[in-house]
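Participant:
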Amino acid sequence: MGLTHWRNEYSLGIDEIDEQHKVLVNCISSLETSIEDPDEKQRWAAIHYAIVQLSDYTRIHFTVEESVMRILGYPGLDAHIEQHRVFVSYLKDVERKSITHDVREDEIVSFLRKWLLTHILNDDRQYVNFFVAAREKNSRPGG
Ligand SMILES: [Fe+2]
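Below, the structure written as structure tokens:
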């Protein structure tokens, strides 16, 4: 079983986003499990599968996050989109390399885990106050 699990400190307090981040953390956990398979062929197949799952869900999640930012007029939108773009292109790259085995398994895992957790803990956290304030404004009667 993978080592990485959801921790309360990852929570942003925005339920929809937290649920999606939990799925991404589970993808990392699956990836950690996949590199433990002693059979080389099976291991790379499992790694590839885990990366594809992570990539697919990442795309969905980033689209949601960016749409909400756009709707609410978040001032850090462009910088945040750029971070997402860099991560998506890295994912594409390792997805390809997981077919050619042109990368070290533990490097993929440690990079993806570190990027995701740092992004959630530092970068996503920056929009929380803005999102919450915007939501409160919208839910006020007459607002
Ligand atoms: Fe983000």
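The numbering of the sequence shown is the numbering used here, which starts it at 94 and goes up by one.
We put the beta carbon where it would ideally sit given N, CA and C, even for glycine.
If you draw a straight line from the C-alpha of residue 137 to the C-alpha of residue 233, how long is it?
Facilitator: Roughly 52 Å separates the two Cα atoms.
Participant: Would the beta-carbon of residue 155 be found less than 8 Å away from any heavy atom of ligand 1?
Facilitator: Within the cutoff, so yes.
Participant: Round the Cβ separation of residue 162 and residue 173 to the nearest angstrom and send it over; I've been treating them as touching at under 8 Å.
Facilitator: That belief holds up - the Cβ atoms of residue 162 and residue 173 are roughly 7 Å apart, short of 8 Å.
Participant: Measuring CA to CA, which of 197, 167, 226 is closest to residue 106?
Facilitator: Closest option to residue 106, Cα to Cα, is 226.
Participant: Compute the Euclidean distance between the alpha carbons of residue 222 and residue 229, then round it to the nearest angstrom.
Facilitator: Distance between the alpha carbons of residue 222 and residue 229: 11 Å.
Participant: Below 8 Å, is the gap between the Cβ of residue 217 and the nearest heavy atom of ligand 1?
Facilitator: Indeed, a heavy atom of ligand 1 lies less than 8 Å from the Cβ.
Participant: How many angstroms separate the CA atom of residue 197 from the CA atom of residue 128?
Facilitator: When rounded, the distance between both Cα atoms is 10 Å.
Participant: Does residue 110 pass the burial test, meaning 16 or more other C-beta atoms within 10 Å, or should it be called exposed?
Facilitator: Buried, because 16 or more other Cβ atoms sit within 10 Å of the Cβ of residue 110.
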